[in-house]
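Colleague: The listed protein sequences derive, respectively, from chains H and P. So for the first sequence, the numbering used here puts the first residue at 452; every next one is plus one. So for the second sequence, the numbering used here puts the first residue at 6; every next one is plus one.
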Amino acid sequence: MAFLIRSVTQTADGREIVRDTRMEKDVLGIGRAAENEISLPDLSVDPRHARIEMRDGRRVAVIANGTLGFEVDGRSTRNTVIDSAKGAELGFGGHRITVAHDGDDVTLTIKRVDAVSDAEEDRDEAAAFSLEGKLPGRRLTAWALVAAVLIGFLAIPVWTFMQGPEKTIYERQAQHSWSSGPLSAAHHSLENNCESCHTQAFVSVRDEACASCHKDVHNHAPPDRIAGARAKPTAWKSLLQTVARTFGKPGPGACVDCHTEHEGAGRMAETKQAFCTDCHATLRQRLADTKLPDAGDFGTAHPQFRPTYGQTRVAMATQIPSGLKFPHDLHLNTSGGVARMAQTLRGRYPFGEALDCKDCHKPSADGVRFRPVEMESSCGMCHSLAYDNVGGTVRTLRHGDVAQAIADLRASTHRASRPPALDGGRRRPGQYAQRQVYSAYFGPAAQRGSDYAVRALFSQSGACAECHTLTPAGGSWTVAPVVQPGRYLMHGWFDHRAHQTETCASCHKAGASGSAADLLLPGIETCRTCHGGEASKAEVPSGCAMCHSYHADDGAPWVPSRPVGRIREDAASNRGRERR
Amino acid sequence: MRDRDLDRRGRVREAAMHEGFLRHRNFRWLKIATALSLAAIAGYGFADVTPRPNGGSWYGYTLGTVAVLLILWLTLLGVRKRWMTRGRWSLKAWTSAHVYLGLSLIVTATLHTGFQLGWNVHTLAWALMMLVILSGIWGIVAYAALPKALSSNREELTQTQMLEGLRAIDRQLHEAAQPLAPSQAALVQKSLEQNVFAGGLFRRLSGRHRGCATAKALRGIRREGGQEKVQSLLERKSGMLARLRRHLQLKAMLEVWLYVHVPATFALIAALTAHIVSVFFFW
């Protein structure tokens, strides 16, 4: 009945050395200190950690001396009684003591199980010195990212497309990651609706997609004419076209050739001049029967304007049958009688020192052109049609209605005096003061009866003939129609409002015109003082689209509309450009 | 001794390598890459594209095709480096081309975008490519600068030797600490249990080790006036730890870029796939 202490140590090459010591004692000390019967060189063990007492042949008690306990079969305790026949394992720091019964002895097998230090622990050196385990593995990260990108940016958008046009806001958003850039302001509402233009997968955007909304867009010309008009592409362009065709892009002339999208919010990019000049610069070489002269760069290769007057095209410096007698030079003269009269009437009308264009020519509501000059409001400021005065109220003849004028005149000759203005007399500046002028004119004709008054009115020296050309026609007169076209250039667009910084006279030489038959339109040379071709150094570089519309109609050429509240201007390309 | 010799030879080879692949054939690939970039810039200036340069113009598609072929070829370095060969297409030549052509992608692919960047899959591909290139630049800088620091820090010790030294000093410390009182023994035990490889990426890269058990043990035992031998052993251990940690830090800096470069390359190829498919899908 004794303790058999069996200490097991390991050599460097892993061999076990077993050393047995028999102790005929009832109590054994366990601890770090050398005086213990079981001395454990273990810093986790107290110098006198515990003791083992023999209780009888089989049972031993293990009792901690201090506050530090020990482990029995993995459980911490400070004292325990062990039946050595059943066995147990005691744990002190990095050492294990196995309690067993062998013959009459209680055997205590002591073994160091923990390494002396962490550095002693077995580890894969290459892995320990690398970043392995510090970061997610490269392969794992790579495949996780690949999966995330392919699902998020490929599978989901494709799946969303397959769902058809009805989509939730999330599905639209998922698909939106494919958008290469914001749509222009005009198409902003389609931003999350890819299928409205990209109707089929792997098929480029077709004209039909555009036409599904833009139902009333005119064709520029019949397709066969356009095909015939198109210049033969250079070898390079032809190569590009072949490649584009190979990849299924729509041929030249498709909507998207000109109207490019996904170029950023704001205005849609404008069309380059070359888009027009590719055909029009040398059109006659290919379309022999065309009525259009060749037109290229505005600054260098654009034909003179061909204004339309009535139904026909006329030359620039030509005489037109305006139907009116109106010398501009006389009316704009700053020192003649007209100017004097304007000065006199300044209190009543917004005249300056002399008459000015604006006194008669009023802009249209949109400011693009001018309204026809009206006799009553413009000419009538000076050229009165007054013929009667009833109790201080002046009666005037109806302008533009010969029969009515005759009837009015006949009806009033029973009593009233008539202004000599109607029968050849002429008002003079200074006489046209408050109502006085009328009483001065009312008189001579009245005494001679209604027939005389009517004849006098329509005579060559009468009030009407002063401005109009009259032809007698069976007891009445026909007045030659006055033509005041609002627009002369039917295929080009000229916007007066865009030219407000200029004076009228800088383009229209009205001050030197003695006849209303003079066509006072400026020629292309006048325009070219400011405007040049798209790439020119002129003050206002001007592409074709500034004046001409591809989808020809009567309106202004199509210009990308200005977005509300979100403007990103390309200052250079819009220099001098007034948007509408 | 043999080990040390081998290590020195390795270092010499390494130095020749890093100098080699950057200067390979008198900067041949630098010249080729520069020419490619200049050509791309010149083309960008002269190409007649409407309405403005972008990835969807003929020039954009050309640059895009060049860029994607380059990217795929650059990725092949990962495959190529597993077969060592000599000559014109030696691994060194390949690496040199990889570096310089990779850098030229900054020009080619950015011009391909026409500077139209946004929150979409197309810009994702571009951004991932830039991430790959930037991490690659880090890698080149690391390879050029760090091996010198690494070897001067090691002073001809191998990693195994460093670890062996630590073990030896731990064993001595364990022996010397046996007579210590429990409180001091506990401090030494903490130092012995200390795992020099513990801690996350940040600790590795920063080289900061606050709360180091060995430093604590040294302070504690000095304060309590413990055994001189234990103190000097702890001091020696501290020195060894500092060297080992610097070594780990430098090695981490040498390695960490690959943890970005490689996964980002794969993500880039996935994003490129999505980019190209999406372009043709919504053609």
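We put the CB at the ideal spot given by N, CA and C, even for glycine. As the structure is a prediction and not an experimental result, all values here were calculated from the model.
Taking Cβ-Cβ distances shorter than 8 Å, what residues in chain H pair up with GLU260/P?
Modeller: By one-based count along the second sequence, residue 260/P stands at place 255. Under the 8 Å cutoff, chain H gives SER581, LEU582.
Colleague: Using a Cβ-Cβ cut-off of less than 7 Å, list which residues of the region 639 to 664 of chain H approach chain P; keep chain order.
Modeller: From the region 639 to 664 of chain H, only CYS645, HIS649, ALA652, PHE653, VAL654, SER655 have a Cβ closer than 7 Å to chain P.
Colleague: ARG590/H to SER581/H, Cα distance in whole Å?
Modeller: For the purposes of this step, residue 590/H is taken as the residue at position 139 of the first sequence. For the purposes of this step, residue 581/H is taken as the residue at position 130 of the first sequence. Taking the straight line from one Cα to the other gives about 16 Å.
Colleague: Answer with yes or no whether the minimum CB distance from GLN164/P to chain H is below 9 Å.
Modeller: Here residue 164/P refers to the residue found at position 159 when the second sequence is read from its first residue. True, the Cβ-Cβ gap to chain H drops below 9 Å.
Colleague: Cβ of ALA989/H less than 9 Å from any chain P Cβ?
Modeller: Here residue 989/H refers to the residue found at position 538 of the first sequence. No, no contact with chain P.
Colleague: Any Cβ of chain H within less than 9 Å of the Cβ of LYS256/P?
Modeller: In the second sequence, counting from the first residue as 1, residue 256/P sits at position 251. Yes, its Cβ sits closer than 9 Å to a Cβ of chain H.
Colleague: Quick check: the Cα distance between HIS552/H and GLY520/H, rounded to an integer number of angstroms?
Modeller: Sequence index remark: in the first sequence, residue 552/H carries index 101 (1-based). Sequence index remark: in the first sequence, residue 520/H carries index 69 (1-based). Approximately 24 Å, taken between the alpha carbons.
Colleague: How would you list, in chain order, the residues of chain H whose beta-carbon sits under 9 Å from the beta-carbon of VAL73/P?
Modeller: Residue mapping note: residue 73/P aligns to position 68 of the second sequence, counting from 1. Residues of chain H passing the Cβ test: none, with the nearest at roughly 15 Å.
Colleague: So which residues on chain P does PRO492/H lean against when the C-beta distance must stay under 9 Å?
Modeller: Residue numbering aside, residue 492/H sits at position 41 when the first sequence is read from its first letter. Within 9 Å Cβ-Cβ: HIS179, GLU180, GLN183.
Colleague: So within the region 691 to 779 of chain H, which uninterrupted alpha helix (DSSP H) runs reach at least 4 residues, ignoring any that extend past its ends?
Modeller: Those alpha helix (DSSP H) runs which fall completely within the region 691 to 779 of chain H and span 4+ residues are 706 to 709, 725 to 731, 734 to 737.
Colleague: With 9 Å set as the bound, which would you pick, yes or no: does the beta-carbon of ALA570/H sit closer than that to a beta-carbon of chain P?
Modeller: By 1-based counting over the first sequence, the position of residue 570/H is 119. So, interface residue.
Colleague: Indicate whether the contact test is met: 3 or more Cβ pairs, each with one atom in the region 520 to 540 of chain H and one in the region 454 to 471 of chain H, closer than 8 Å.
Modeller: At 8 Å Cβ cutoff, the stretches do not touch.
Colleague: Identify the contact partners of TRP63/P in chain H, using a Cβ-Cβ distance below 7 Å as the criterion.
Modeller: Taking the first residue of the second sequence as 1, we reach residue 63/P at position 58. By Cβ distance, chain H contributes LEU691.
Colleague: For GLU260/P, does the three-state DSSP call read helix, strand or coil?
Modeller: Numbered from 1 along the second sequence, position 255 holds the residue referred to as residue 260/P. The answer is helix: DSSP assigns GLU260/P an H, G or I state.
Colleague: Just the chain A side, please: which residues come within less than 7 Å of LEU263/P by C-beta, in chain order?
Modeller: The chain inventory of the structure shown lacks chain A, comprising the protein chains H and P.
Colleague: Can you tell me where the alpha helix (DSSP H) holding PHE207/P begins and where it ends?
Modeller: To locate residue 207/P, count along the second sequence from 1; it is residue 202. Taken as a continuous stretch (DSSP letters only), the alpha helix (DSSP H) holding PHE207/P covers 206 to 211.
Colleague: If contact is defined by three or more beta carbon pairs under 8 Å, each pair taking one atom from either stretch, is the region 958 to 973 of chain H in contact with the region 707 to 722 of chain H?
Modeller: Not touching, per the Cβ criterion.
Colleague: Which one of LEU151/P, THR278/P, LYS242/P has the shortest CA to CA distance from ALA173/P?
Modeller: Position 168 of the second sequence, counted from the start, is the residue given in the question as residue 173/P. For the residues LEU151/P, THR278/P, LYS242/P, the minimum Cα distance to ALA173/P belongs to LYS242/P.
Colleague: What's the C-alpha gap between ARG849/H and ILE857/H?
Modeller: Counted from its first residue, the first sequence places residue 849/H at position 398. Counted from its first residue, the first sequence places residue 857/H at position 406. Distance between the alpha carbons of ARG849/H and ILE857/H: 9 Å.
Colleague: Taking the CB atoms as reference points, tell me whether VAL513/H and ASN487/H lie closer together than 9 Å.
Modeller: For the purposes of this step, residue 513/H is taken as residue 62 along the first sequence, with counting starting at 1. For the purposes of this step, residue 487/H is taken as residue 36 along the first sequence, with counting starting at 1. It is not a contact, given that the beta carbons lie outside the stated cut-off.
Colleague: What residues of chain P sit near ALA637/H, judged by a beta carbon separation below 9 Å?
Modeller: As a position in the first sequence, residue 637/H is number 186, starting the count at 1. What ALA637/H touches in chain P: nothing, since even the nearest Cβ is about 15 Å away.
Colleague: So is GLN770/H buried or exposed if we call it buried at 16+ other beta carbons inside 10 Å?
Modeller: Counting from one through the first sequence, the residue named residue 770/H turns up at place 319. The residue in question, GLN770/H, is exposed, as its Cβ has fewer than 16 Cβ neighbours within 10 Å.
Colleague: How would you write the range of the alpha helix (DSSP H) that LEU74/P sits in, first residue to last?
Modeller: Taking the first residue of the second sequence as position 1, residue 74/P is located at position 69. It spans 63 to 80 - the alpha helix (DSSP H) in which LEU74/P sits, taken as one unbroken run.
Colleague: Run through chain P and tell me which residues come within less than 8 Å of THR685/H, C-beta to C-beta.
Modeller: For this step, residue 685/H is matched to residue 234 along the first sequence. None at all; the shortest Cβ gap to chain P is about 11 Å.
Colleague: Does PRO880/H have its Cβ less than 9 Å from a Cβ in chain P?
Modeller: Within the first sequence, the letter at position 429 stands for residue 880/H. Residue placement at PRO880/H cannot be trusted, given a pLDDT of 43 that sits under 50; what the coordinates show is reported in the next sentence. So, not an interface residue.
Colleague: Quick check on the DSSP output: what are the complete alpha helix (DSSP H) runs of length 4 or more inside the region 159 to 209 of chain P, in order along the chain?
Modeller: Complete alpha helix (DSSP H) runs here, min 4: 164 to 181, 187 to 198.
Colleague: Where does GLN4/P land, buried or exposed, given buried means 16+ other C-beta within 10 angstroms?
Modeller: The structure shown does not extend to residue 4/P, since chain P is modelled only from 6 to 288, so the question has no answer here.
Colleague: Could you tell me how far apart the beta carbons of GLY632/H and GLN121/P are, in whole angstroms, since I believe they sit closer than 8 Å?
Modeller: Reading the first sequence from its first residue, position 181 is the one you call residue 632/H. Reading the second sequence from its first residue, position 116 is the one you call residue 121/P. The pair is a contact, with the Cβ atoms about 5 Å apart (cut-off 8 Å).
Colleague: Closest to ASP916/H by C-alpha separation, out of PRO932/H, SER901/H, GLY925/H, ASP902/H, would be which residue?
Modeller: Here residue 916/H refers to the residue found at position 465 when the first sequence is read from its first residue. Just to set this straight, residue 916/H is Ala in the shown sequence, not Asp. ALA916/H has its Cα closest to that of PRO932/H, out of PRO932/H, SER901/H, GLY925/H, ASP902/H.
Colleague: Any idea if ILE274/P is buried or exposed, counting beta-carbon neighbours within 10 angstroms, 16 or more meaning buried?
Modeller: In the second sequence, counting from the first residue as 1, residue 274/P sits at position 269. ILE274/P comes out buried.
Colleague: Under 9 Å, Cβ to Cβ, is there at least one residue of chain P near THR722/H?
Modeller: For the purposes of this step, residue 722/H is taken as the residue at position 271 of the first sequence. Interface residue, yes.
Colleague: Which residue comes first and which comes last in the alpha helix (DSSP H) that contains GLU659/H?
Modeller: Working through the first sequence from its first residue, we reach residue 659/H at position 208. Looking at the DSSP string, the run of the alpha helix (DSSP H) that includes GLU659/H is 658 to 662.
Colleague: Anything in chain H within Cβ reach of TRP288/P, meaning under 7 Å, just list it in chain order.
Modeller: Start at 1 with the first residue of the second sequence, and residue 288/P comes out as number 283. Per Cβ cutoff of 7 Å: PHE653, VAL654, SER655, GLY699.
Colleague: Is ARG473/H buried or exposed, if buried means 16 or more other CB atoms sit within 10 Å of its CB?
Modeller: Position 22 of the first sequence, counted from the first residue, corresponds to residue 473/H. When all chains shown are included, ARG473/H counts as exposed.
Colleague: Are MET767/H and PRO778/H closer than 9 Å when you measure CB to CB?
Modeller: Within the first sequence, numbered from 1, the residue matching residue 767/H stands at position 316. Within the first sequence, numbered from 1, the residue matching residue 778/H stands at position 327. No; because the gap between Cβ atoms is not below 9 Å, this pair is not in contact.
Colleague: Rounded to the nearest angstrom, what separates PHE71/P and TRP34/P at their Cα positions?
Modeller: Numbered from 1 along the second sequence, position 66 holds the residue referred to as residue 71/P. Numbered from 1 along the second sequence, position 29 holds the residue referred to as residue 34/P. Before going on, a small fix: residue 71/P reads as Val here, not Phe. Going from the Cα of VAL71/P to the Cα of TRP34/P covers about 16 Å.
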